[in-house]
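Peer 1: Its first residue numbered 1, the sequence shown is counted upward by one per residue in the working numbering.
No residue lacks a Cβ here, since even glycine has one placed at the ideal position from N, Cα and C.
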Amino acid sequence: MASKKILLLGSGFVAEPCVEYLSRRPENKLTIAARRLAVAQELATGYPNATAVSLDVNDETALDAACAEHDLVISLIPYTFHAQVIKSAIKAKINVVTTSYVSPAMMAYDEAAKNAGITVMNEIGVDPGVDHLYALKTIEEVHAEGGKILSFLSYCGGLPAPEASNNPLGYKFSWSSRGVLLALKNSAKFYENGEVVEYTGEDLMNSAKPIPIYPAFAFVGYPNRDSTPYKERYNIPEAHTILRGTLRYAGFPQFVKTLVDIGFLDDAPVDFLAPSSAEIAWNDVLAKRLGSSSNSEADLIELIKEKSSIKGSEIEHIIKGIKWLGLFSTTNVHRRGNYLDTLCATLEDKMMYNKGERDMVMLQHKFEVELKDGTRQSRTSTILEYGNPEGASAMARLVGMPCGVATQLVLDGVIKKHGILAPMTSDLVEPLIKGIEAEGVVCLEEIL
Numbered sequence: 001m002a003s004k005k006i007l008l009l010g011s012g013f014v015a016e017p018c019v020e021y022l023s024r025r026p027e028n029k030l031t032i033a034a035r036r037l038a039v040a041q042e043l044a045t046g047y048p049n050a051t052a053v054s055l056d057v058n059d060e061t062a063l064d065a066a067c068a069e070h071d072l073v074i075s076l077i078p079y080t081f082h083a084q085v086i087k088s089a090i091k092a093k094i095n096v097v098t099t100s101y102v103s104p105a106m107m108a109y110d111e112a113a114k115n116a117g118i119t120v121m122n123e124i125g126v127d128p129g130v131d132h133l134y135a136l137k138t139i140e141e142v143h144a145e146g147g148k149i150l151s152f153l154s155y156c157g158g159l160p161a162p163e164a165s166n167n168p169l170g171y172k173f174s175w176s177s178r179g180v181l182l183a184l185k186n187s188a189k190f191y192e193n194g195e196v197v198e199y200t201g202e203d204l205m206n207s208a209k210p211i212p213i214y215p216a217f218a219f220v221g222y223p224n225r226d227s228t229p230y231k232e233r234y235n236i237p238e239a240h241t242i243l244r245g246t247l248r249y250a251g252f253p254q255f256v257k258t259l260v261d262i263g264f265l266d267d268a269p270v271d272f273l274a275p276s277s278a279e280i281a282w283n284d285v286l287a288k289r290l291g292s293s294s295n296s297e298a299d300l301i302e303l304i305k306e307k308s309s310i311k312g313s314e315i316e317h318i319i320k321g322i323k324w325l326g327l328f329s330t331t332n333v334h335r336r337g338n339y340l341d342t343l344c345a346t347l348e349d350k351m352m353y354n355k356g357e358r359d360m361v362m363l364q365h366k367f368e369v370e371l372k373d374g375t376r377q378s379r380t381s382t383i384l385e386y387g388n389p390e391g392a393s394a395m396a397r398l399v400g401m402p403c404g405v406a407t408q409l410v411l412d413g414v415i416k417k418h419g420i421l422a423p424m425t426s427d428l429v430e431p432l433i434k435g436i437e438a439e440g441v442v443c444l445e446e447i448l
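1) Where do the ends of the alpha helix (DSSP H) carrying residue 395 lie?
2) Identify, in the order they occur along the chain, each residue of the same chain with its Cβ nearer than 7 Å to the Cβ of residue 360, setting aside the five sequence neighbours on each side.
3) To the nearest angstrom, how far is it from the Cα of residue 325 to the Cα of residue 72?
4) For residue 436, is the classification buried or exposed, using 16 other Cβ atoms within 10 angstroms of its Cβ as the cut-off for buried?
5) If I'm right that residue 92 touches residue 64 with Cβ under 8 Å, what's the distance once you round it to whole angstroms?
6) Less than 7 Å between C-beta atoms, sequence neighbours within five positions excluded: which residues of the same chain meet that for residue 332?
7) Can you tell which of 58, 223, 155 has the C-alpha that lies nearest to the C-alpha of residue 488?
8) Apply the 10 Å Cβ neighbour rule to residue 391 and answer buried if 16 or more other Cβ atoms are within range, or exposed otherwise.
9) Determine the direct distance from the alpha carbon of residue 59 to that of residue 341, and round the result to whole angstroms.
10) Kindly identify the DSSP beta-bridge partner or partners of residue 386.
11) Do the CB positions of residue 170 and residue 252 come within less than 9 Å of each other?
12) For the alpha helix (DSSP H) that contains residue 191, what are its first and last residues?
13) Using the Cβ count rule (16 or more neighbours within 10 Å means buried), how would you classify residue 362?
14) Candidates 398, 94, 428, 242: which alpha carbon is nearest residue 153's?
15) What residues are listed by DSSP as bridge partners for residue 456?
16) Within a Cβ cutoff of 7 Å, which residues of the same chain sit near residue 225, ignoring the five residues on either side of it in sequence?
17) Grouping DSSP H, G and I as helix and E and B as strand, with all else coil, what is residue 95?
18) Compare the C-alpha of residue 371 against each of 140, 68, 7 and name the closest.
19) Rounded to the nearest angstrom, how far is the Cβ of residue 74 from that of residue 403, given a contact under 8 Å?
20) How many angstroms separate the CA atom of residue 299 from the CA atom of residue 306?
21) Identify the residues that DSSP records as bridge partners of residue 59: which are they?
22) In this structure, does DSSP put residue 314 in helix, strand or coil?
23) Nearest to residue 221 by CA position, among 289, 227, 211, is which residue?
24) Is there contact here, the segment 115-122 with the segment 408-419, by at least three beta-carbon pairs under 8 Å?
25) According to DSSP, which residues form a beta bridge with residue 206?
26) By DSSP, does residue 49 sit in helix, in strand, or in coil?
27) Out of curiosity, what's the CA-to-CA distance linking residue 24 and residue 18?
28) Taking the alpha-carbon of residue 69 as reference, which of 316, 265, 428, 3 has the nearest alpha-carbon?
29) Tell me the rounded alpha-carbon separation between residue 133 and residue 405.
30) Quick check on residue 443: does DSSP put it in helix, strand or coil?
31) Rounded to the nearest angstrom, what separates residue 7 and residue 399 at their Cα positions?
32) How would you label residue 448, buried or exposed, when you count the other beta carbons within 10 angstroms and need 16 or more for buried?
33) Taking the CB atoms as reference points, tell me whether residue 192 and residue 240 lie closer together than 9 Å.
34) Between 94, 309, 209, which lies nearest to residue 250 when the distance is taken from Cα to Cα?
35) Would you tell me roughly how many angstroms separate the C-alpha atoms of residue 247 and residue 213, rounded to the nearest one?
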């Protein structure tokens, strides 16, 4: 069989499950490209059909040359670079796969991609990705039966497994905490009972509410960005409620809301937090942020209570969490230029996964359905996946493996539509579901 040459850009934590899946086919020849050669070499180790190269995607000439030598490029680098990868792929007339949402900058290449005869498959990780597949599966089944989707609620979260959720936020970081915290500043928009509801980033945590999935889990959820396009994307014009949200453990929203209230998600430059500035302790940073002349723990606690919108017994729990993080201590901070990044450095010190701990991914869609005869029912689609402490995390597997499945389907000519795509139609959804279920993904579909 003729060899298929695949260029993989990026070697972050989600890349290995993708490499593992694609390397099973001996005809697949992978080139793993990263800015730092040693990082790419580490990922390539153990895979005979993978080689490593150093590549800076900002070097357009080098990126063009690399694309020209391959049949397909997978972009697992930050989404802001995808448009330039697509541009190079169009010149080389090679296919592209990403796990990211289609941005306006990417969509701008739709016509050029069609003219070049290439497939640019996007949104095929877990969220977005696996969530789309099982949303559309049920929606298409209901429509085929002559029914209507009245309400669609979807919540997904990457979390520590319960036994590893042993800190005040009930959360741990398997990669940079900055992206997680910045996402908490996004505004949100969704349909509820036919009305558009909006929350500013500042108020997002106020929207969090309990999400009952299994009795053993104390989940809360809040809306994730703009859900309103899904009326069209999922072909459910009849739905009066459409919300896609994020799952966390109870206590997380209140803790984050207090961090917002006291200004610690601010990424504006701060002179005394510049890396070149003098050493400074956490209690002094907190005093400056709160406008206090005193850095005593008692005074700082009183000011936090004043500024926080969280009151009563909940604020006492939050104060304990802030103390656990060390923000009242005389420990010197890691100066990162602003409050957000300085806080992130401490979060990453205190809240990374320890050896032997596992993560989990929880995804549930809940559909309120009106059948052809007018009767109503609820349907759910639920995926619960735990990570392997000795191998891939659940998040890495459910992002990287579907990406590998989509890549193979493009290489095999099963997915052959041209242009900038996302898995929104049955010709894409069905083979993708078949591929991920062959890898052991189990979606429990129930009629309640």
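Peer 2: Taking the coordinates as given:
1) To locate residue 395, count along the sequence shown from 1; it is residue 395. Run containing residue 395: 394-411, per the alpha helix (DSSP H) assignment.
2) Counted from its first residue, the sequence shown places residue 360 at position 360. Counting only Cβ-Cβ distances below 7 Å, and skipping sequence neighbours, we find 159, 161, 384, 385, 386, 387, 394.
3) One-based indexing of the sequence shown puts residue 325 at position 325. One-based indexing of the sequence shown puts residue 72 at position 72. Distance between the alpha carbons of residue 325 and residue 72 is about 45 Å.
4) Mapped onto the sequence shown, residue 436 falls at position 436. Result: buried.
5) For the purposes of this step, residue 92 is taken as residue 92 along the sequence shown, with counting starting at 1. For the purposes of this step, residue 64 is taken as residue 64 along the sequence shown, with counting starting at 1. Rounded, the Cβ-Cβ distance is 7 Å, consistent with contact.
6) Along the sequence shown, one-based indexing puts residue 332 at 332. Leaving aside the five residues that flank residue 332 on each side, the residues in its chain whose CB is nearer than 7 Å to its CB run, in chain order, 279, 280, 281.
7) Only positions 1 to 448 of the chain appear in this structure, which leaves residue 488 out of reach.
8) In the sequence shown, counting from the first residue as 1, residue 391 sits at position 391. When all chains shown are included, residue 391 counts as exposed.
9) Here residue 341 is taken as the residue at index 341 of the sequence shown, counted from 1. Here residue 59 is taken as the residue at index 59 of the sequence shown, counted from 1. Approximately 28 Å, taken between the alpha carbons.
10) The sequence position of residue 386 within the sequence shown is 386, counting from 1. Note: residue 386 sits in a beta bridge opposite 360.
11) Numbered from 1 along the sequence shown, position 170 holds the residue referred to as residue 170. Numbered from 1 along the sequence shown, position 252 holds the residue referred to as residue 252. In this structure, residue 252 lies closer than 9 Å to residue 170 by Cβ.
12) On the sequence shown, position 191 is the one that residue 191 refers to. Note, residue 191: premise wrong, no alpha helix (DSSP H); beta strand (DSSP E) at 188-192.
13) One-based indexing of the sequence shown puts residue 362 at position 362. Buried, since its Cβ has 16 or more Cβ neighbours within 10 Å.
14) For the purposes of this step, residue 153 is taken as residue 153 along the sequence shown, with counting starting at 1. With respect to the C-alpha of residue 153, the residue from 398, 94, 428, 242 having the closest C-alpha is 242.
15) With the chain running from 1 to 448 in the structure shown, residue 456 is simply not present.
16) Position 225 of the sequence shown, counted from the first residue, corresponds to residue 225. Result list for residue 225: 186, 188, in chain order.
17) Your numbering for residue 95 matches position 95 in the sequence shown. Residue state, collapsed to three classes: strand.
18) For the purposes of this step, residue 371 is identified with residue 371 of the sequence shown, where counting begins at 1. Nearest C-alpha to residue 371: 140.
19) Position 74 of the sequence shown, counted from the first residue, corresponds to residue 74. Position 403 of the sequence shown, counted from the first residue, corresponds to residue 403. Sure, about 7 Å apart at Cβ, within 8 Å.
20) If you number the sequence shown from 1, residue 299 lands on position 299. If you number the sequence shown from 1, residue 306 lands on position 306. Residue 299 and residue 306: Cα-Cα distance of roughly 11 Å.
21) Locating residue 59 in the sequence shown gives position 59, counting from the first residue. In DSSP, residue 59 forms no bridge with anything.
22) Start at 1 with the first residue of the sequence shown, and residue 314 comes out as number 314. Three-state DSSP puts residue 314 in a helix.
23) Locating residue 221 in the sequence shown gives position 221, where the first residue counts as 1. Ranking the options by Cα distance to residue 221, first place goes to 211.
24) yes
25) Residue 206 sits at position 206 when you count from the first residue of the sequence shown. According to DSSP, which records beta bridges pairwise, residue 206 is partnered with nothing at all.
26) As a working mapping, residue 49 is identified with position 49 in the sequence shown. Note: residue 49 maps to coil in three-state DSSP.
27) Against the sequence shown, residue 24 aligns to sequence position 24. Against the sequence shown, residue 18 aligns to sequence position 18. Approximately 10 Å, taken between the alpha carbons.
28) To locate residue 69, count along the sequence shown from 1; it is residue 69. Residue 69 has its Cα closest to that of 3, out of 316, 265, 428, 3.
29) The sequence position of residue 133 within the sequence shown is 133, counting from 1. The sequence position of residue 405 within the sequence shown is 405, counting from 1. So the two alpha carbons sit approximately 13 Å from each other.
30) Sequence index remark: in the sequence shown, residue 443 carries index 443 (1-based). Looking at residue 443 - three-state DSSP - the assignment turns out to be coil, as it is neither helix nor strand.
31) Residue mapping note: residue 7 aligns to position 7 of the sequence shown, counting from 1. Residue mapping note: residue 399 aligns to position 399 of the sequence shown, counting from 1. Looking at the two C-alpha atoms, the distance is approximately 18 Å.
32) Along the sequence shown, read from residue 1 onward, the residue named residue 448 stands at position 448. Counting Cβ neighbours within 10 Å, residue 448 comes out exposed, since fewer than 16 surround it.
33) On the sequence shown, position 192 is the one that residue 192 refers to. On the sequence shown, position 240 is the one that residue 240 refers to. A Cβ-Cβ contact shorter than 9 Å links residue 192 with residue 240.
34) Here the question's residue 250 lines up with position 250 in the sequence shown. For the residues 94, 309, 209, the minimum Cα distance to residue 250 belongs to 209.
35) The residue given as residue 247 occupies position 247 in the sequence shown. The residue given as residue 213 occupies position 213 in the sequence shown. Cα-Cα distance, rounded: 11 Å.
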